[in-house]
Amino acid sequence: MSKILEPEIKCINKKLEGNKIERIDRRIKNLKDIFFDKGALEKLNPETIVYEVESYLPVAHNTEGGLFYGITYIHPGVVGNEYFMTKGHFHKIRNRGEFYCTLQGEGMLILMDESRNTWAEKMYPGSIHYIKGNTAHRTANTGNSILSFNAFWPSDAGHDYAIISENGFSKILIKKDGKPELVSR
Ligand code: PAN
Ligand code: ZN
3 MSKILEPEIK CINKKLEGNK IERIDRRIKN LKDIFFDKGA LEKLNPETIV YEVESYLPVA
63 HNTEGGLFYG ITYIHPGVVG NEYFMTKGHF HKIRNRGEFY CTLQGEGMLI LMDESRNTWA
123 EKMYPGSIHY IKGNTAHRTA NTGNSILSFN AFWPSDAGHD YAIISENGFS KILIKKDGKP
183 ELVSR
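Our numbering runs 2 ahead of the 1-based position in the sequence shown.
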């Protein structure tokens, strides 16, 4: 007899539900290397949540051929004139790509190749972004409400945060006259 199963997770009202979801948050105190204006950073409550990630990892890390899924929620805010954003990373296996699909809010996907050329794509509900392999990626919330997006990436991709935490991206996204601008550091 064939079985009909319930899915292990569901996305209800743009939030993940299910037993196998991993949840992490990243607070100001976890992001000291990331933001440019260290003076402004010191003035913020270190416990302020900048972003949260809910992930569904149906196979073990580093499994070749599997897929991972997650939703990232970036809160609105700035550190000095830099928008709240994710740490950003290259994939450990450099040639692994990823899809991002925006659910709500507005923001920017900041991309940098291995020669440190940096560019950005606008994110808004319904926008779909293919992140090629060998490309560092970071997202910033440029609006006044939560920015959230779906992400789908290979389970063997891994995350390499070290290069970004040491050298950053070659450009930063700042709020200038109320609008986002990508500027050289
Ligand atoms: C995303 C990111 C997520 C958080 O799921 O991991 O947006 O950003 P950081 O990992 O840079 O803190 C993804 O790109 N996975 O590969
Ligand atoms: Zn990634």
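Glycine included, C-beta positions come from ideal geometry on N, C-alpha and C.
- Runs of the beta strand (DSSP E) lying entirely within the region 4-43 and spanning at least 3 residues, in chain order: 11-14, 17-20, 23-29.
- Looking at the DSSP output, Val185 shares a beta bridge with Ile174.
- Residue pairing by DSSP places Ala153 opposite Gly72, Tyr102 in a beta bridge.
- Per DSSP, the beta-bridge partners of Arg140 are Ile112.
- For Gly90 against Arg28, the beta-carbon gap comes to about 11 angstroms, at or over 8 angstroms, which does not count as contact.
- Selection His93, Met125, Gly180 evaluated against Tyr102 yields Met125 as nearest (Cα-Cα).
- Listed as beta-bridge partners of His161 by DSSP are His93.
- Thr144 sits away from Leu113, with the two beta carbons spaced by 8 angstroms or more.
- In this structure the region 34-45 does not lie against the region 12-24, because fewer than three pairs of beta carbons, one per stretch, are closer than 8 angstroms.
- Close CB contacts of Thr120 within its chain, under the 8 angstroms cut and outside five residues either way in sequence, are with Ile112, Leu113, Met114, Phe171, Ser172, Lys173, Leu184 (chain order).
- Any heavy atom of the ligand ZN counts here; residues with a Cβ closer than 7 angstroms to one of them, in chain order, are His91, His93, Glu100, Ile133, His139, Ala153, Trp155, Ala159, His161.
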